[in-house]
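Q: Position one of the sequence shown corresponds to residue 324 (the numbering used here), numbered consecutively onward. Virtual Cβ for every residue (Gly too), placed ideally from N, Cα, C. Remember, it's a predicted structure, so these values are computed and weren't measured experimentally. Let me begin by handing over the structure; questions about it come next.
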Amino acid sequence: MEYLLIIIAGAFIALAIYIKEDEEKLMTKIEKELELRKEEVFFKVKDKIEEKVIREVLEKMKKLEETIAPIPSLNFKNSLKIEKQCLDLVITLGILKSTRCSNGFETLGEIFEKNEIVEIMEEIK
């Protein structure tokens, strides 16, 4: 009788070990799937942000071109306006470069406000 109880206990232990290993494999698979999903969402968000920043760069370049167009009428006030627009354009280009170099949501979070990122994530869904 004792041997039978020992055998049954051993079987339960073996079953528990098998279930635990199977559970660990399943958790690993789920974690990998989540990581892939997170990466996929990141690249979609990053692409969407890049599109917006590129549009902003193009708008600022057009505005700067329009400001510079009447060169004969350049005066101190206009030159300050051009200088400000150039600086604004350079900053926006820096944001574009930083966005392109980002490799995770943490990096994007350093460049953009969280609500902007969340808003874009909602657009994607």
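1. Looking at the structure shown, is Ala392 part of a helix, part of a strand, or coil, going by DSSP?
2. Might you give, ordered along the chain, the residues of its own chain that have their beta carbon closer than 8 Å to the beta carbon of Met444, omitting 5 neighbours on each side?
3. Do three or more CB pairs link the stretch 368-387 to the stretch 415-424 at distances below 8 Å?
4. Does the beta-carbon distance from Lys371 to Ile447 come in below 8 Å?
5. Provide the residue span of the alpha helix (DSSP H) that contains Phe435, from first to last.
A: Once the coordinates are examined:
1. Here the question's residue 392 lines up with position 69 in the sequence shown. Correct three-state label for Ala392: coil.
2. As a working note, residue 444 is residue 121 in the sequence shown. Answer for Met444: Val364, Val368, listed in chain order.
3. yes
4. Residue 371 sits at position 48 when you count from the first residue of the sequence shown. Residue 447 sits at position 124 when you count from the first residue of the sequence shown. Yes, the Cβ-Cβ distance between Lys371 and Ile447 is below 8 Å.
5. Residue mapping note: residue 435 aligns to position 112 of the sequence shown, counting from 1. No alpha helix (DSSP H) contains Phe435, which DSSP labels as neither H nor E.
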